[in-house]
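**Student:**
Numbering (the working numbering), first residue to last: 9 to 653.
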């Protein structure tokens with residue numbers, strides 16, 4: 009499953025051009041290759057260019073094809089590709105289609121007496137002048153075909169695909185079997201061989217399944233690597249255009265349609281009458297991370313919430329452990345966070361900033377009781393007159409760990425994670441609904457949780473989801489965390505995922521793909537032998553499979569008592585940073601930034617020294633991009649600046 013895709017189509021397309029017998033056409037906004045029948049051998053290349061280290065065809069694999077097929081006469085076959093030995097007319101591996109059928113061909117010397125085996129998928133309608141993506145998954149005697157991410161068609165045959173099929177002296181041929189007869193007459197966009205894996209989960213996540221891609225040649229990509237000509241200067245024209253240089257100028261109705269060039273960011277902006285809109289901007293890449301600010305806090309910090317109050321500024325609320333003095337709010341001033349306000353809290357775990365209409369709120373999750381023995385978490389409201397947060401509503405909670413705020417169908421909700429009540433970790437967490445008549449949050453639904461740490465709300469299309477990170481049920485951290493879906497006015501169970509002391513869920517999007525990452529903190533089970541290290545444990549990333557209607561595991565990453573994930577982007581690059589807190593021996597553990605590498609998933613890019621790291625927050629200002637981390641073991645948090653090139 010870790011093998012990389014082998015792009016057959018790209019291998020046949022010379023770098024910077026096209027082979028003889030190839031032409032590029034764009035239909036329905038999608039580019040594809042048209043293959044000529046006059047020189048079929050010119051559309052081939054030696055298999056050794058793909059199989060560099062081994063001259064055997066993989067035993068298990070997927071073939072991914074994106075094509076636009078034309079209607080073909082009855083009893084006529086057209087070849088999508090073949091793999092053939094030079095001195096033999098036999099097809100080692102091939103794919104061809106006929107009206108309403110698709111045939112997969114392979115040669116099996118051992119089991120079929122040297123005859124070719126044909127696996128036929130009936131009722132496959134491709135020749136409709138539309139784009140289609142096919143995924144053929146092969147494993148032994150089982151063959152599965154998925155067309156446009158619909159329900160797979162499964163076929164089991166007597167002769168299995170060979171375990172050791174030699175490709176020595178063999179060549180791939182695009183759209184033919186080394187003859188003019190049976191040449192593919194449509195357009196071919198993608199032809200990829202993925203060894204050792206069913207490619208369906210990788211493909212079936214895009215919005216437009218018919219043109220979903222794993223890998224396509226550069227010349228067929230939506231944005232060409234180099235334009236063929238300068239279309240802007242193709243025809244002479246004149247215009248009266250004013251471009252302002254220097255610091256950010258005013259943008260009002262008087263400056264509408266004027267341009268501003270930001271030399272420091274190398275960006276061109278257009279005034280639309282109120283704001284500067286980016287027209288052209290150089291995409292930055294993360295080069296390295298440097299310390300920007302050491303922030304001495306009231307006490308150890310369990311969580312950070314960075315937020316912006318319109319027309320006021322950027323703030324950070326720190327959930328500090330010790331009372332007094334409680335927790336502090338800082339304001340971004342002259343490129344640094346400066347103390348702004350103290351708020352009494354009781355072993356605060358996290359803050360949540362949200363709005364309801366024009367009202368601005370900040371909710372704290374208190375883990376301990378106050379001086380009177382009362383256990384409340386508190387919602388604070390921003391007072392425009394006093395320019396600070398004041399108490400608005402107290403809500404009874406039980407060792408609260410986290411708040412999540414969200415809106416469904418125009419209604420505001422607030423969900424609290426209750427961690428435990430006394431020694432009982434199996435208690436209800438509560439979802440509150442805003443009552444516009446009373447101006448208060450009122451209980452709407454309770455959900456059973458087990459030592460829960462975190463809520464994560466997200467939407468996919470018209471559907472709303474709420475994921476809970478269950479940590480401990482009283483005897484084990486190896487328990488199920490749950491994802492709920494909003495149906496008929498309440499959250500109902502959608503999927504359960506086995507987790508190990510789950511402390512955080514992080515949902516994020518890369519293109520059309522939806523991911524959900526869990527931070528697993530430790531592995532403990534009172535009924536099982538103790539592992540060598542409770543804290544060195546995989547945290548997992550899951551990806552939404554729309555066809556299966558569930559999240560499936562995408563990648564495991566080794567973490568050390570992970571407590572938080574934070575997703576962020578720099579230019580076109582995507583990153584995840586993990587809060588590693590304890591490795592079983594010391595709290596001085598590197599937290600790691602992982603860079604998204606496409607087929608390889610997330611790959612470690614930067615190691616950041618941290619002490620008892622509890623939370624990460626990414627934020628942006630006019631000066632640049634930053635990461636902010638809190639320590640649960642020392643009264644010091646750090647702001648790191650992302651240096652880009």
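For each residue, glycine too, the CB sits at the ideal point set by N, CA and C.
The structure displayed is predicted, hence computed values, not measured ones.
Just the Cα atoms here: how many angstroms apart are residue 650 and residue 300?
**Tutor:** To locate residue 650, count along the chain shown from 1; it is residue 642. To locate residue 300, count along the chain shown from 1; it is residue 292. Whole-angstrom Cα-Cα distance: 9 Å.
**Student:** If distances are taken between C-alpha atoms only, which option among 529, 20, 564, 307 comes closest to residue 29?
**Tutor:** Within the chain shown, residue 29 is the residue found at index 21, counting from 1. The candidate whose alpha carbon is nearest that of residue 29 is 20.
**Student:** Look at residue 224 and residue 256 and say whether their C-beta atoms are less than 8 Å apart.
**Tutor:** Counting from one through the chain shown, the residue named residue 224 turns up at place 216. Counting from one through the chain shown, the residue named residue 256 turns up at place 248. It is not a contact, given that the beta carbons lie outside the stated cut-off.
**Student:** Kindly indicate which three-state DSSP category residue 226 falls into: helix, strand or coil?
**Tutor:** Walking along the chain shown from the start, residue 226 turns up at place 218. Helix.
**Student:** For residue 553, is the classification buried or exposed, using 16 other Cβ atoms within 10 angstroms of its Cβ as the cut-off for buried?
**Tutor:** Translated into positions along the chain shown, residue 553 becomes position 545. So residue 553 ends up on the buried side.
**Student:** Decide if residue 513 is buried, meaning its Cβ has at least 16 other Cβ atoms within 10 Å, or exposed.
**Tutor:** Here residue 513 refers to the residue found at position 505 when the chain shown is read from its first residue. Here residue 513 is buried, its C-beta having at least 16 other C-beta atoms within 10 Å.
**Student:** Identify which residue in 483, 492, 632, 482 has its Cα closest to the Cα of residue 476.
**Tutor:** One-based indexing of the chain shown puts residue 476 at position 468. Minimum Cα distance to residue 476 is reached at 492.
**Student:** Could you pull the start and end residues of the beta strand (DSSP E) that residue 299 belongs to?
**Tutor:** As a first step, residue 299 is located in the chain shown; it is residue number 291 there, counting from the start. Judged by DSSP secondary structure, residue 299 falls within the beta strand (DSSP E) whose first and last residues are 294 to 304.
**Student:** Just to confirm my understanding: we take residue 482, look at its own chain, exclude 5 residues before and 5 after, and list those with CB closer than 6 Å. What are they?
**Tutor:** On the chain shown, residue 482 is found 474 positions in, with the first residue counted as 1. 433.
**Student:** I believe residue 624 touches residue 578 by the beta-carbon criterion, under 8 Å. Please report the beta-carbon distance rounded to the nearest angstrom.
**Tutor:** Translated into the one-based positions of the chain shown, residue 624 becomes position 616. Translated into the one-based positions of the chain shown, residue 578 becomes position 570. About 15 Å separates the two Cβ atoms, so there is no contact after all.
**Student:** Specify the secondary structure class of residue 316 as computed by DSSP and reduced to three states.
**Tutor:** Here the question's residue 316 lines up with position 308 in the chain shown. Note: residue 316 maps to strand in three-state DSSP.
**Student:** Would you call the CB atoms of residue 423 and residue 437 closer than 8 Å?
**Tutor:** Taking the chain shown and counting its residues from 1, the one referred to as residue 423 is at position 415. Taking the chain shown and counting its residues from 1, the one referred to as residue 437 is at position 429. In contact: residue 423 and residue 437 (Cβ atoms closer than 8 Å).
**Student:** Quick one: is residue 97 buried, meaning 16 or more other Cβ sit within 10 Å of its Cβ, or exposed?
**Tutor:** The residue given as residue 97 occupies position 89 in the chain shown. A residue is called buried once 16 or more other Cβ atoms fall within 10 Å of its Cβ, and residue 97, having fewer, is exposed.
**Student:** Spatial neighbours of residue 305 within its chain, please: C-beta separation below 7 Å, excluding the five flanking residues on both sides.
**Tutor:** Residue numbering aside, residue 305 sits at position 297 when the chain shown is read from its first letter. Closer than 7 Å at the Cβ level, and outside the excluded window around residue 305, lie 326, 328, 336, 643, 644, 645.
**Student:** With 16 as the cutoff for other CB atoms within 10 Å, does residue 33 come out buried or exposed?
**Tutor:** Here residue 33 is taken as the residue at index 25 of the chain shown, counted from 1. The residue in question, residue 33, is exposed, as its Cβ has fewer than 16 Cβ neighbours within 10 Å.
**Student:** For the beta strand (DSSP E) that contains residue 379, what are its first and last residues?
**Tutor:** Locating residue 379 in the chain shown gives position 371, counting from the first residue. No beta strand (DSSP E) holds residue 379; DSSP gives it neither H nor E.
**Student:** Is it the case that the Cβ atoms of residue 511 and residue 570 are separated by a distance below 8 Å?
**Tutor:** Indexing the chain shown from 1 puts residue 511 at position 503. Indexing the chain shown from 1 puts residue 570 at position 562. Yes, the Cβ-Cβ distance between residue 511 and residue 570 is below 8 Å.
**Student:** Which first and last residues belong to the beta strand (DSSP E) in which residue 210 is found?
**Tutor:** As a first step, residue 210 is located in the chain shown; it is residue number 202 there, counting from the start. That residue, residue 210, is in no beta strand (DSSP E); its alpha helix (DSSP H) goes 208 to 211.
**Student:** Run through the DSSP bridge pairs and tell me what residue 503 is partnered with.
**Tutor:** Looking up residue 503 in the chain shown gives position 495. Residue 503 pairs with 491.
**Student:** Can you give the Cα-Cα distance for residue 350 and residue 264, rounded to whole angstroms?
**Tutor:** As a working mapping, residue 350 is identified with position 342 in the chain shown. As a working mapping, residue 264 is identified with position 256 in the chain shown. When rounded, the distance between both Cα atoms is 43 Å.
**Student:** CB residue 112 to CB residue 127, shorter than 8 Å?
**Tutor:** Translated into positions along the chain shown, residue 112 becomes position 104. Translated into positions along the chain shown, residue 127 becomes position 119. Yes. Within cutoff.
**Student:** Are the segment 168 to 188 and the segment 203 to 210 in contact at 8 Å, needing three or more beta carbon pairs?
**Tutor:** no
**Student:** How big is the Cα-Cα spacing for residue 135 and residue 48?
**Tutor:** Along the chain shown, read from residue 1 onward, the residue named residue 135 stands at position 127. Along the chain shown, read from residue 1 onward, the residue named residue 48 stands at position 40. Near 22 Å, if we compare the C-alpha coordinates of residue 48 and residue 135.
**Student:** By the DSSP assignment, the alpha helix (DSSP H) with residue 19 in it spans what residues?
**Tutor:** Here the question's residue 19 lines up with position 11 in the chain shown. 16 to 20 is the extent of the alpha helix (DSSP H) around residue 19.
**Student:** Report the partner residues of residue 203 according to the DSSP bridge assignment.
**Tutor:** For the purposes of this step, residue 203 is taken as residue 195 along the chain shown, with counting starting at 1. Partner(s): 69.
**Student:** In whole angstroms, give me the CA-to-CA distance for residue 31 and residue 270.
**Tutor:** The residue you call residue 31 lines up with position 23 of the chain shown. The residue you call residue 270 lines up with position 262 of the chain shown. Cα to Cα, the separation comes out at about 41 Å.
**Student:** Going by DSSP, what residue range makes up the beta strand (DSSP E) through residue 617?
**Tutor:** Sequence index remark: in the chain shown, residue 617 carries index 609 (1-based). Here the beta strand (DSSP E) through residue 617 covers 610 to 619.
**Student:** Ignore the nearest five residues each way along the sequence and tell me which others in residue 576's own chain have a CB closer than 6 Å to its CB.
**Tutor:** As a first step, residue 576 must be located in the chain shown, where it is residue number 568. For residue 576, where only same-chain residues beyond five positions count, the Cβ hits under 6 Å are 583, 626.
**Student:** Please tell me whether residue 200 and residue 26 are closer than 8 Å, where the distance is taken between their beta carbons.
**Tutor:** Translated into positions along the chain shown, residue 200 becomes position 192. Translated into positions along the chain shown, residue 26 becomes position 18. Contact annotation: residue 200 and residue 26 have beta-carbon atoms that are not nearer than 8 Å.
**Student:** Hey, how far is the Cα of residue 285 from the Cα of residue 276?
**Tutor:** On the chain shown, residue 285 is found 277 positions in, with the first residue counted as 1. On the chain shown, residue 276 is found 268 positions in, with the first residue counted as 1. Approximately 9 Å between the Cα atoms of the pair.
**Student:** Can you check which of these residues, 613, 615, 17, 589, is closest to residue 309 by C-alpha distance?
**Tutor:** The residue you call residue 309 lines up with position 301 of the chain shown. Ranking the options by Cα distance to residue 309, first place goes to 589.
**Student:** According to DSSP, what are the bridge partners of residue 404?
**Tutor:** The residue you call residue 404 lines up with position 396 of the chain shown. BP columns for residue 404 point to 384.
**Student:** Taking 8 Å as the limit between beta carbons, can you name the residues of its chain near residue 488, skipping five residues before and five after?
**Tutor:** The residue given as residue 488 occupies position 480 in the chain shown. The residues are 478, 504, 505, 506, 507.
**Student:** Looking at the secondary structure, which residues open and close the beta strand (DSSP E) in which residue 31 lies?
**Tutor:** Counting from one through the chain shown, the residue named residue 31 turns up at place 23. Residues 30 to 35.
**Student:** Assuming contact is defined by CB atoms lying nearer than 8 Å, are residue 666 and residue 420 in contact in what I supplied?
**Tutor:** The chain is shown only over 9 to 653; residue 666 falls outside these bounds and no answer can be derived.
**Student:** Rounded to whole angstroms, what's the CA-CA distance from residue 115 to residue 37? Just pull it up for me.
**Tutor:** Taking the chain shown and counting its residues from 1, one reaches residue 115 at position 107. Taking the chain shown and counting its residues from 1, one reaches residue 37 at position 29. About 38 Å.
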